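Quick note: the sequence shown uses our numbering, first residue 13, plus one each step. We put the CB at the ideal spot given by N, CA and C, even for glycine. Predicted model only: the values in this text are computed from it and were never measured. Structure first, then comments.
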Amino acid sequence: MAKKTVAKEQSLESILWNCRNALRGTVGGNEKNRDAVLGLVFLKFAGDKFEKRREAIKAQYGDVPAFLEKPSFYLSENVFYLSETSRWSYIVKNASSDDIAVIIDKAMADIEDKNKSLKGALPQNFYATLGARSASIKGLIDEINKIDEKKFQDKDLIGRVYEYFLQVFAIDAGQGAEKGEFYTPASIVNLITELIEPYSGRVYDPCCGSGGMFVQSVKFVERHNGNRLKISVIGQESNPDTWRLAKMNLAIRGISYDLGDRATSTFIDDRHKDVKVDFIMANPPFNLKNWRGKDELTDDYRWKGYDVPPVSNANYAWILHMLSKLDVSNGIAGFLLANGALNAGGEEYKIRKQLIENDKVEAIIVLPRDMFYSTDISVTLWIVNNNKRARTLNGRELRDRQNEVLFIDLRRWNQNVYEKKYVMFDENQIAAIKKIYNDWQSTDRSAYSDVPELCKSATLEEIRLRNYSLVPSKYIEFIDHDLEIDFAAEMARIQGEMREILKAEKVSQAMLETAFKGIGYGIE
Numbered sequence: 013m014a015k016k017t018v019a020k021e022q023s024l025e026s027i028l029w030n031c032r033n034a035l036r037g038t039v040g041g042n043e044k045n046r047d048a049v050l051g052l053v054f055l056k057f058a059g060d061k062f063e064k065r066r067e068a069i070k071a072q073y074g075d076v077p078a079f080l081e082k083p084s085f086y087l088s089e090n091v092f093y094l095s096e097t098s099r100w101s102y103i104v105k106n107a108s109s110d111d112i113a114v115i116i117d118k119a120m121a122d123i124e125d126k127n128k129s130l131k132g133a134l135p136q137n138f139y140a141t142l143g144a145r146s147a148s149i150k151g152l153i154d155e156i157n158k159i160d161e162k163k164f165q166d167k168d169l170i171g172r173v174y175e176y177f178l179q180v181f182a183i184d185a186g187q188g189a190e191k192g193e194f195y196t197p198a199s200i201v202n203l204i205t206e207l208i209e210p211y212s213g214r215v216y217d218p219c220c221g222s223g224g225m226f227v228q229s230v231k232f233v234e235r236h237n238g239n240r241l242k243i244s245v246i247g248q249e250s251n252p253d254t255w256r257l258a259k260m261n262l263a264i265r266g267i268s269y270d271l272g273d274r275a276t277s278t279f280i281d282d283r284h285k286d287v288k289v290d291f292i293m294a295n296p297p298f299n300l301k302n303w304r305g306k307d308e309l310t311d312d313y314r315w316k317g318y319d320v321p322p323v324s325n326a327n328y329a330w331i332l333h334m335l336s337k338l339d340v341s342n343g344i345a346g347f348l349l350a351n352g353a354l355n356a357g358g359e360e361y362k363i364r365k366q367l368i369e370n371d372k373v374e375a376i377i378v379l380p381r382d383m384f385y386s387t388d389i390s391v392t393l394w395i396v397n398n399n400k401r402a403r404t405l406n407g408r409e410l411r412d413r414q415n416e417v418l419f420i421d422l423r424r425w426n427q428n429v430y431e432k433k434y435v436m437f438d439e440n441q442i443a444a445i446k447k448i449y450n451d452w453q454s455t456d457r458s459a460y461s462d463v464p465e466l467c468k469s470a471t472l473e474e475i476r477l478r479n480y481s482l483v484p485s486k487y488i489e490f491i492d493h494d495l496e497i498d499f500a501a502e503m504a505r506i507q508g509e510m511r512e513i514l515k516a517e518k519v520s521q522a523m524l525e526t527a528f529k530g531i532g533y534g535i536e
């Protein structure tokens, strides 16, 4: 009797892996592959949400075209209206067509036309010029079609799938200028949200990449049982492809946003000029050069009270830009910069000195190496706060931290490794970092204490004595572990080991001499 074979259930991860590789090597470059996959994933999830809403309308009003094809019935529930030829079911049905690329391009154009909030978000005239064979595109469609909500009953399947693709394509981009900068690793963004706690208000990112900071802000609110409608997101991005990616990423998750009317430089063409915000989360390009012309922005309102940031490096331009956006009463920002900003000289030193004297810096947290896909350098998380006074915040009683800065060094927290190379924080580590920060802020003075090689609360006077350096190792106590060695005991141990080694060598020598003597060739 023949054995019955049972087909092995395909995991979501293996499906996503197949999607990642479906067009690999057949289209020009990682970015085209990324955009081709994410564009079709968008169509899939938009189609699923449309069909679900369509069934709800049908249950309420019956199979009446006047209701089923009324866009407002979909848009009112934050679902994109899709005409018949732009629905995922139509794409799948025609996947074997020789002109499937043209069909997809038409669907993208039609969706943007009927959903004004998506203007500029979807790739246009992209698939027909991709250079992929129709059979390869069909293969990709077939794999994406396996991402089934009924099969994979994940509460946030959309988020899980998008997060996977943004992460792996950032890794595929490799390192170097602007490679992978569209994505900040999720564990770092989670850490920022847990520290600045964006429960309600405006969240701003001046260089928003693919929108990950906004996504995690909303997830933070949901994770703490808050109301996501109390968060509004505002941002800007200079790279047109990345700007479109962010709009698509936010739109498919149902997050409303204002990313400006076009992709453009935040410094030269600020699209949110008069806006004040409650929270800022950002991962600006590290050490950006030539961010302005030599004679540009020399008298800009954003530098008021500070020196003009140098053309050679935008690190402090980002800081001052973000500071100009923060609500003057309670605004707080968490952002990432290369470690060089902690001790930079020249105009940057003067700006840093004034920031410290103005009591804007609350915490400096050095992260482990290899956390970023675009660079292997060590990076610092800055917390800048416009209100370090005593107050009640989110149910916590905060003490007055004026003229104090918390330094944390996490360079040794590198145990968790992703894809054999990249370091990431787990939930327990994020909770531990948050506890250090919250204990330091607490009115309970016994909750926090300095820990050698980990954290130190420094006063303004201590920072002045170190010439306004913000390098944590200048403040955090580091132990010379060599001093902990009992040299007498250690030397006795080594002496014993050497005695045994020499004894074994003498035995080996005697055996060798005896062997040669036995064959008549003594070696004494």
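- Setting aside the 5 residues that flank it on each side, K61 is surrounded in the same chain by V91, F92, each with a C-beta closer than 8 angstroms to its C-beta; the list follows chain order.
- Closest in C-alpha terms to Q366, from the list P297, Y449, Q72, Y318, comes Y318.
- According to the DSSP secondary-structure assignment, N397 is paired through a beta bridge with I344.
- In the structure shown, L418 adopts extended strand secondary structure according to DSSP, grouped into three states.
- At a Cβ-Cβ threshold of 7 angstroms, I170 and R99 do not count as neighbours.
- Taking a 10 Å sphere around the C-beta of N45, we find 16 or more other C-beta atoms and assign the residue as buried.
- An exposed status is given to S23, since fewer than 16 other beta-carbon atoms sit within 10 Å of its beta-carbon.
- Residue I420 holds the alpha-carbon nearest to the alpha-carbon of K486 among V320, I420, K242, L94.
- Measuring C-alpha to C-alpha distances from W394 to each of A329, A345, D382 identifies A345 as the nearest.
- When the Cα atoms are used, T38 and G143 turn out to be separated by approximately 7 angstroms.
- Taking a cut-off of 8 angstroms on C-beta distances, the stretch 147-161 does not touch the stretch 204-212, as fewer than three cross pairs fall below it.
- According to the DSSP assignment, M293 belongs to the beta strand (DSSP E) that extends over 291-294.
- By the neighbour-count criterion, in which 16 or more other beta carbons inside 10 Å mark a residue as buried, Y313 falls on the exposed side.
- DSSP, reduced to helix, strand and coil, places E249 outside both helices and strands of the structure shown, so it counts as coil.
- Cα atoms of A198 and S229: separation of roughly 11 angstroms, rounded to the nearest angstrom.
- DSSP places E489 in the coil class of the three-state scheme, outside both helix and strand.
- Close CB contacts of G352 within its chain, under the 7 angstroms cut and outside five residues either way in sequence, are with N299 (chain order).
- Note on M510: under 16 other CB atoms within 10 angstroms of its CB, so exposed under the neighbour-count rule.
- Annotation for I377: the continuous beta strand (DSSP E) segment containing it runs 373-378.
- Distance check between N157 and each of F54, L466, P135 places F54 closest, using alpha-carbon atoms only.
- Restricting attention to R411, D456, R381, F181, the CA atom closest to the CA of R36 is found in F181.
- Our two residues, S277 and E249, have alpha carbons roughly 7 angstroms apart in a direct line.
- Taking a C-beta distance under 7 angstroms as the contact criterion, L262 and G223 qualify as a contact pair.
- Look at V320 here: in three-state DSSP terms it is coil, with no helix or strand label.
- Taking a cut-off of 8 angstroms for Cβ pairs, the stretch 423-441 and the stretch 372-380 touch, as three or more such pairs fall below it.
- According to the DSSP assignment, C467 belongs to the beta strand (DSSP E) that extends over 467-471.
- Taking I475 as the centre and dropping the five residues before and after it, the same chain places the C-beta of I368, V417 closer than 7 angstroms to its C-beta, in chain order.
- Within the model, the alpha-carbon separation for L271 versus E489 is close to 43 angstroms.
- Under the three-state reduction of DSSP, G534 is assigned to coil, being neither helix nor strand.
- For the pair of segments examined, the stretch 210-224 was found not to touch the stretch 443-451: the number of CB pairs separated by less than 8 angstroms stays below three.
- Counting the other CB atoms within 10 Å of its CB gives N295 a total of 16 or more, which places it among the buried residues.
- Distances from the alpha-carbon of R145 to those of Y460, N397, S109 put S109 closest.
- The Cβ-Cβ distance between D154 and A140 does not fall below 7 angstroms.
- Counting of Cβ neighbours within 10 angstroms places R235 among the exposed residues, the total staying below 16.
- Short of 6 angstroms from the beta carbon of M334, and not among the five residues preceding or following it, lie these beta carbons of its own chain, in chain order: I292, A345.
- Runs of the alpha helix (DSSP H) lying entirely within the stretch 70-114, each at least 4 residues long, are 77-80, 83-87, 100-105 in chain order.
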